[in-house]
Amino acid sequence: MKKGVSFLVTVAFMALASFLASAYDPSPLEDTCVAVDEPKNAGISIVTNDLIAIFSTSLFIDMEKTLLGCHWLDYEPNGQNPPHFHPRASEIFIVLEGTLLVGFITSNPEHRFISKVLNKGDVFVFPFSLIHFQVNIGHTNAVAIAVFNSQNPGVITIASSIFGSNPPINPDFLARAFQLDKRVVEYLQARF
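In full-length UniProt numbering, the protein residues as written are 1 to 192.
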């Protein structure tokens, strides 16, 4: 009898605990809110000389406690971070040096392309799980920091995921999906 009661208490506890567990980040209520076009009129002022101090060594040491992820990005002239998305995070992108063209595409049904040229000290937000990219359009190297609202944002690069999958996706299917000649799809698959 005691064994049966013990079992029922254990099952009840597990059922209650499963309602309290959450294995994902909550989704935002809206995809994007496109704000002020000209950052000088945004009411936010960032002194770029102090920006490095904000991201000091002590911040990186304590990163485990903050539930944030942070990446340092270096771009050569014409260097790029190809179209990709982070399935578990939004991204705050801060340019420390150089000039970068950044952009993202909104979700269905609009697929609106939003882009901006960023210079030293500019900040841009890539919304949760939307396809985005960065390209160094300047003549010098560019440096940026990407801060994620997750320690494990994940990354899925679009082209290599589709054309470099293992095993490969049927080229007939991809040719129809992208409205391409099958030979073009096979060429792209061979590159990845």
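Each residue gets a CB set at the ideal place from its N, CA and C atoms; glycine is no exception.
- Counting other Cβ atoms within 10 Å of its Cβ, residue 167 stays below 16 and is therefore classed as exposed.
- The beta-carbon distance between residue 103 and residue 133, rounded to whole angstroms, is 6 angstroms. This is short enough to meet the 8 angstroms contact definition.
- For residue 135, the enclosing beta strand (DSSP E) begins and ends at 132-136.
- Following the DSSP letters along the chain, one finds residue 76 in no beta strand (DSSP E), marked with neither H nor E.
- Distance between residue 85 and residue 184, taken at the CA atoms: about 24 angstroms.
- Counting along the chain, the unbroken beta strand (DSSP E) around residue 144 starts and ends at 142-148.
- Under the DSSP assignment, residue 97 falls in the beta strand (DSSP E) whose first and last residues are 91-97.
- Residue 107 carries a coil assignment under DSSP once its states are collapsed to helix, strand and coil.
- Counting along the chain, residue 118 sits inside the beta strand (DSSP E) bounded by residues 113-118.
- Rounded to whole angstroms, the gap between the alpha carbons of residue 113 and residue 96 is 24 angstroms.
- By the neighbour-count definition (other C-beta atoms within 10 Å, threshold 16), residue 5 is an exposed residue.
- According to DSSP, residue 86 shares a beta bridge with no other residue.
- Around the beta carbon of residue 128, a 10 Å sphere encloses 16 or more other beta carbons of the protein chains shown; the residue is thus reported as buried.
- Per DSSP, the continuous alpha helix (DSSP H) segment holding residue 163 begins and ends at 158-163.
- Distances from the alpha-carbon of residue 151 to those of 87, 82, 107 and 83 put 87 closest.
- Its chain contains 72, 73, 74, 75, 95, 96, 97 and 98 as the residues whose beta carbon lies nearer than 8 angstroms to that of residue 143, once the 5 sequence neighbours on both sides are disregarded; these appear in chain order.
- If you look at residue 178, you'll find it isn't in any beta strand (DSSP E); it sits in the alpha helix (DSSP H) that goes 171-178.
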